[in-house]
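Numbering (the UniProt record's numbering), first residue to last: 1 to 69. Virtual Cβ for every residue (Gly too), placed ideally from N, Cα, C. Quick notes on the structure that follows.
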Amino acid sequence: MQVRGVGRLANQDQSNEPANDTGGGKAARKRKSDPVRDASVGAALRSVYSQTVDEAIPAEFLDLLNKLD
């Protein structure tokens, strides 16, 4: 099965340089992790994921999927 529009965009997005490369030459300083902040971010991500999983699938999308069969 071919998916329209995937090939060209995917090929353009690939590069040999890391996304966060500033071109400087100095190594970036790593921020010390904060356990409280990490736990808060983790809880927020789990909450958003859970809400997304529980969302109903729109009828229009289900109709499109049924047309593929």
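- Counting only runs of at least 4 residues, the UniProt domain "Anti-sigma factor NepR" (41–69) fully encloses the following alpha helix (DSSP H) elements, listed from N- to C-terminal order: 59–68.
- In the structure shown, A28 falls within a coil segment according to DSSP collapsed to helix, strand and coil.
- C-alpha of A59 to C-alpha of D69: approximately 16 Å in a straight line.
- Rounded to the nearest angstrom, the gap between the Cα atoms of E55 and R37 is 27 Å.
- For K67 and T52, the gap between their C-alpha atoms comes out near 24 Å.
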